[in-house]
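For reference, the structure discussed in these notes is given below.
In full-length UniProt numbering, the protein residues as written are 1 to 307.
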């Protein structure tokens with residue numbers, strides 16, 4: 001399957017070797033290894049990932065999923081999104097790897113495919129665990145968990161933590177519901193993140209983690225929202241300048257490029273704010289219906305056979 005897929009945010013298959021019953025796949029070299037090495041398994045000598053780099057990784061990962069879901073033909077459901085499967089090059093550009101669980105998505109008007117529940121505990125969408133019905137929105141839920149990992153620096157599942165902190169989604173749910181976003185942030189960031197960006201990133205995660213798969217966003221929406229966050233360096237909220245320094249020497253092609261960049265930037269900002277607003281509306285709707293315990297927000301998987 002991977003030999004037919006080509007995107008900057010997917011690892012490239014260089015070649016393969018078959019000798020007797022031995023099989024070997026050769027992938028492109030990724031200088032910095034997996035994201036887990038820089039986010040979840042860091043030691044005292046390592047410098048923690050900055051907020052900007054975390055958003056850059058989130059954006060690139062979202063673009064890889066967008067390609068699989070909305071541009072590949074037929075669509076591909078990745079089914080195993082997690083930090084160890086995201087590889088980084090020397091510039092921290094992320095690439096999806098390990099397509100062993102990937103499945104071709106539904107075609108011909110079908111809404112889902114039915115399959116045995118596979119994946120990694122803590123990342124699987126609740127409806128997939130209950131029914132075995134697989135859709136692209138299953139990956140969207142997993143992306144929400146992945147984004148929480150980037151924000152918090154915590155594993156999706158960690159048996160070494162106290163009972164109420166072992167499942168990341170369960171631990172984060174009350175803080176998302178009460179908008180106590182600063183309590184979610186990885187302490188290793190030492191407060192070095194834009195509060196507005198944090199609010200919007202959590203909003204994207206919350207929308208991806210909706211219990212009802214139909215109200216989760218498409219990955220193209222997440223790409224736009226996270227593109228805005230990835231473009232703003234940590235601690236800087238200044239918009240790109242639209243005023244040329246030397247008007248008399250203005251290059252029309254550069255002016256058009258600047259206007260295009262400004263338009264893209266504004267669109268990304270609007271989508272990010274809309275997703276954040278959508279998360280708030282889901283919460284308010286649930287509270288109105290007397291479901292404040294769920295808050296219309298997120299639910300963690302509690303059963304199912306997973307590997």
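Think of the CB as a built atom: it goes at the ideal place given N, C-alpha and C, for glycine as much as any other residue. Quick caveat, the model's predicted, so the values are computed rather than measured.
For a cutoff of 8 Å on Cβ pairs, would you count residue i as touching chain D?
i           : result
residue 142 : Here chain D cannot be found, since the structure has a single protein chain.
Assuming the contact rule is C-beta atoms closer than 8 Å, residue i and residue j should be a hit. Round their C-beta distance to whole Å, please.
i           : j           : result
residue 121 : residue 145 : Actually they do not touch by this definition, with Cβ atoms about 11 Å apart.
residue 206 : residue 59  : Contact doesn't hold; Cβ gap of about 17 Å is too wide.
residue 104 : residue 76  : 6 Å
residue 44  : residue 79  : About 35 Å separates the two Cβ atoms, so there is no contact after all.
residue 10  : residue 82  : The Cβ separation is near 16 Å, so there is no contact.
residue 176 : residue 215 : Not a contact, Cβ separation roughly 15 Å.
residue 213 : residue 137 : 4 Å
residue 36  : residue 84  : 4 Å
Considering just the uninterrupted stretch of the alpha helix (DSSP H) at residue i, what are its terminal residues?
i           : result
residue 150 : 136–152
residue 221 : 219–231
residue 210 : Per DSSP, residue 210 belongs to no alpha helix (DSSP H) and is neither H nor E.
residue 173 : 168–177
residue 127 : 126–131
Less than 8 Å between C-beta atoms, sequence neighbours within five positions excluded: which residues of the same chain meet that for residue i?
i           : result
residue 46  : 38
residue 158 : 165, 166 and 168
residue 100 : 80
residue 14  : 26, 27 and 28
residue 115 : 103, 132 and 134
residue 23  : 16 and 17
residue 143 : 61, 62, 65, 81, 208, 219 and 222
residue 33  : 87 and 88
What is the residue span of the beta strand (DSSP E) that residue i lies within?
i          : result
residue 94 : 94–96
Excluding the 5 residues preceding and the 5 following residue i in the sequence, name in chain order all residues of the same chain whose CB lies nearer than 6 Å to its CB.
i           : result
residue 293 : For residue 293, the predicted structure reports a pLDDT of 46, less than 50, and the residue's modelled location is therefore unreliable. The matter cannot be settled from this model.
residue 12  : 28
residue 148 : 168, 172 and 205
residue 198 : 181
residue 248 : Because residue 248 carries a pLDDT of 41, less than 50, the predicted location of this residue cannot be relied on, and the following value inherits that uncertainty. Nothing listed; no residue qualifies.
residue 107 : 74
residue 238 : At residue 238 the pLDDT is 41, less than 50, meaning the model places this residue with poor confidence and gives no usable figure here.
residue 113 : 106 and 134
Apart from the five residues on each side of it in sequence, which residues of its chain come closer than 7 Å, Cβ to Cβ, to residue i?
i          : result
residue 7  : 64 and 67
residue 93 : 60
residue 56 : 92 and 230
Using only the heavy atoms of the ligand GTP, determine whether one of them is closer than 7 Å to the beta carbon of residue i.
i          : result
residue 87 : For the structure depicted, the ligand GTP is absent and the ligand set is empty, with no information on it obtainable.
>> Could you tell me which whole alpha helix (DSSP H) segments of length 4 or greater appear in the segment 9–89?
In response: 36–39 and 51–66
> Does the segment 17–24 come within contact of the segment 66–77, defined as at least 3 CB pairs closer than 8 Å?
Replying inline: no
>> For the pair the segment 180–189 and the segment 21–33, tell me if three or more CB-CB distances fall below 8 Å.
In response: no
> Does the segment 152–162 come close enough to the segment 182–196 that 3 or more CB-CB pairs lie under 8 Å?
Replying inline: yes
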